[in-house]
Amino acid sequence: MGPKRAATPDPTSRKKVKRVPTNKTLSSSPSAANHRSGSSASSPAHSSTSATSQSSNPPALTWKAPAFKGFTLRVEARRRPSVESTALPSPFERANGRPIFNTLNYRVEPARYWDAMREYRRFSIQNQSIELGDCIYVTASADEDVALDAPIRGWVAKVLHVRAHDPSHVFLLVAWMYRPEDLPNGRKPYHGNYELIASNDLQIIDAMTVEEKAPVVYWDEHDDENESLDPRTLFWRQTIDVQRSRPLLSKLRTHCIDNKPCNPDQVTVQCPHCKVWLHGACIEEAAVRSLFQQHNLAYPPRTSVPRFSAQFTASQDQPCRLRVTDHHAKPGEMKHWNQEADCLLCDRNIDDSSEPEAGEEEGFHDGVDITAILEE
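Here the UniProt record's numbering is used: the first residue of the sequence shown is 1, the next is one more, and so on.
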């Protein structure tokens, strides 16, 4: 489960970056990728050791196998951490600043190599500066990325810590951000094409596996005043806790008469009267069912082509539109027409915000005239 990674460190720990007093920036050396052991990305891990504990004159270390085989990060029992472990706060927070995950205690092995490295606030690769807290694209090899059909290509992670022995040996503590395809049960209908899931799945990876910075935004679905997302923006709203005996996926806010989460890529509109958010697909289905009832017809199974279909469209600067099609219309009969879109809960016109109740704010759209369109 989780994003497949390349080979090297063992994934198992996490913690929020500790801001160190140094302002140094380290550049990764591309030449190091050809002679380094344990240089590819793999799973999550994070570490936090004070910069003052680092030696100003690092001891001579052999970075080739078998002396060095890569870093392993191990999460310890929450109630009985060892004195050698480091506490890692949640790498992700809610909009109000509250942490999402519990603090983890972890150890990095081999400790001699990890402790010999210095901490940095940022690093640069291919002339791009990446700082603590930035999200990054991580190279995913074709034989390890099982979700090749995912809309998001490659892996995404958040940088929590930067350590380096020299420009050729730069390592990052990251928290992985899962794609829906990486989840235990896969993609769900409510997942957007460019949606990510924040996790406490940590790993130490080689900086040479970083492709570039990944712009990722947090979408607070509990804020009704949120602006619409750009359809190609990477975003996250859901989390998965992989440090439990069974990974726990957070619940999302549900809407409409079907009590299901919304998919940001699909139409959702708020009723100006009862303030309930409605799925465009539910409005379409309700309109079609109503037409079948009006014509005393049995609603067909989903495997067949129905007589009626409906298409609901809405935008912030245009009125809602519910366009209905009669696929069995005879010549001279109405084949297409527009009709009112009513709230599925309060039955009021979702385009009509007139006569609001006391204290009620204006709805999502202005009113719209209903027009019948006759097509020969």
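Glycine included, C-beta positions come from ideal geometry on N, C-alpha and C.
Computed from a predicted model, the values in this text were never measured in an experiment.
Which residues bound the beta strand (DSSP E) around residue 377? As shown, the chain starts at 1 and ends at 376. That puts residue 377 outside it, with no answer to give.
Among all the DSSP beta bridges, which residues are the ones paired with Trp63? Among the bridge pairs identified by DSSP, Trp63 is matched with none.
Under three-state DSSP, which class holds Trp277? DSSP places Trp277 in the strand class (E or B) of the three-state scheme.
What residue ranges within the stretch 60-124 form continuous beta strand (DSSP E) runs of no fewer than 3 residues, ordered along the chain? Listed in chain order, they are 72-75, 86-88, 104-109, 118-120.
Taking 7 Å as the cut-off, decide whether the C-beta atoms of Ile283 and Phe312 are in contact. Going by C-beta atoms, Ile283 is nearer than 7 Å to Phe312.
Of the residues Arg74, Asp182, Val156, which one's Cα is nearest the Cα of Glu212? If you compare the alpha carbons of Arg74, Asp182, Val156 with that of Glu212, the shortest gap goes to Val156.
Roughly how many angstroms lie between the CA atoms of Asp206 and Val170, to the nearest whole one? Near 6 Å, if we compare the C-alpha coordinates of Val170 and Asp206.
Alpha carbon to alpha carbon, how far is Thr139 from Ala329? Roughly 54 Å between the two C-alpha positions.
Could you please give the first and the last residue of the uninterrupted beta strand (DSSP E) stretch that includes Lys330? Neither: Lys330 is in no beta strand (DSSP E) and is coded neither H nor E.
Coarse secondary structure for Ile204, derived from DSSP in three states: Strand at Ile204.
Euclidean distance between Cα positions of Glu360 and Leu196: Caution applies to Glu360, whose pLDDT of 45 falls short of 50 and renders its modelled position unreliable; the value that the coordinates give is listed next. The straight-line gap from Cα to Cα measures roughly 35 Å.
Count the other C-beta atoms from every protein chain shown that fall within 10 angstroms of the C-beta of Pro44, then say buried if there are 16 or more, exposed otherwise. Caution is warranted here: a pLDDT of 33 is assigned to Pro44, below 50, making its placement in the model unreliable, and the coordinate value is therefore given only provisionally. Buried.
Per-residue DSSP class, three states only, for Val288: Helix.
Once the 5 residues before and after Trp63 are set aside, which same chain residues still bring their CB inside 6 Å of it? His169, listed in sequence order.
Whose C-beta lies closer than 7 Å to the C-beta of Asp149 among residues of the same chain, with five residues either side of it excluded? The answer is none, since no qualifying residue turns up.
Are the Cβ atoms of Ala147 and Glu181 separated by less than 7 Å? Closer than 7 Å, so yes.
Span of the beta strand (DSSP E), counted from its first residue to its last, around Cys135: That run of the beta strand (DSSP E) goes 135-138.
Considering just the uninterrupted stretch of the beta strand (DSSP E) at His165, what are its terminal residues? Note, His165: beta strand (DSSP E), 155-166.
Endpoints, the beta strand (DSSP E) within which Ser141 is located: Ser141 -> no beta strand (DSSP E), and no H or E assigned at all.
Would the beta-carbon of Thr325 fall within 7 Å of that of Ser315? No, they are not a contact pair.
Does Glu84 pass the burial test, meaning 16 or more other C-beta atoms within 10 Å, or should it be called exposed? Looking at its Cβ environment, which holds fewer than 16 other Cβ atoms inside 10 Å, Glu84 is exposed.
Quick one: any contact between the stretch 93-103 and the stretch 68-77, if contact means 3 or more CB pairs under 8 Å? Fewer than three beta-carbon pairs drawn from the stretch 93-103 and the stretch 68-77 are found closer than 8 Å, and the two stretches are therefore not classed as touching.
Contact defined as beta carbons within less than 8 Å: I believe Leu322 pairs with Ala298. What is the distance between those atoms, to the nearest angstrom? Not confirmed; about 23 Å, so no contact.
Just to confirm the assignment, what range does the beta strand (DSSP E) spanning Trp219 have? That residue, Trp219, is in no beta strand (DSSP E); it is neither H nor E in DSSP.
What is the residue span of the beta strand (DSSP E) that Arg237 lies within? For Arg237, the enclosing beta strand (DSSP E) has its first and last residue at 234-241.
Beta carbon of Ile125 nearer than 7 Å to that of Val210: For Ile125 and Val210, yes; Cβs fall inside 7 Å.
Around the Cβ of Lys158, are there at least 16 other Cβ atoms within 10 angstroms (buried) or fewer (exposed)? Buried, by the Cβ-count rule.
Is it buried or exposed for Met177, if we count other Cβ within 10 angstroms and need 16 for buried? Met177 is buried by the Cβ-count criterion.
Using 7 Å as the threshold, is the C-beta distance between Leu172 and Tyr113 below it? No, these two residues do not count as a Cβ contact at 7 Å.
Return the residue from the list Lys260, Tyr120, Gln270 that minimises the CA-CA distance to Asp166. Of the candidates Lys260, Tyr120, Gln270, Tyr120 places its Cα closest to the Cα of Asp166.
From what residue to what residue does the beta strand (DSSP E) around Met177 run? From DSSP, the beta strand (DSSP E) with Met177 extends over 169-178.
Tell me which same chain residues have a C-beta within less than 7 Å of the C-beta of Asn193, skipping the five on either side of it? Excluding five sequence positions before and after Asn193, the CB atoms of its chain that fall closer than 7 Å to its own CB belong to Pro151, Asp265, given in chain order.
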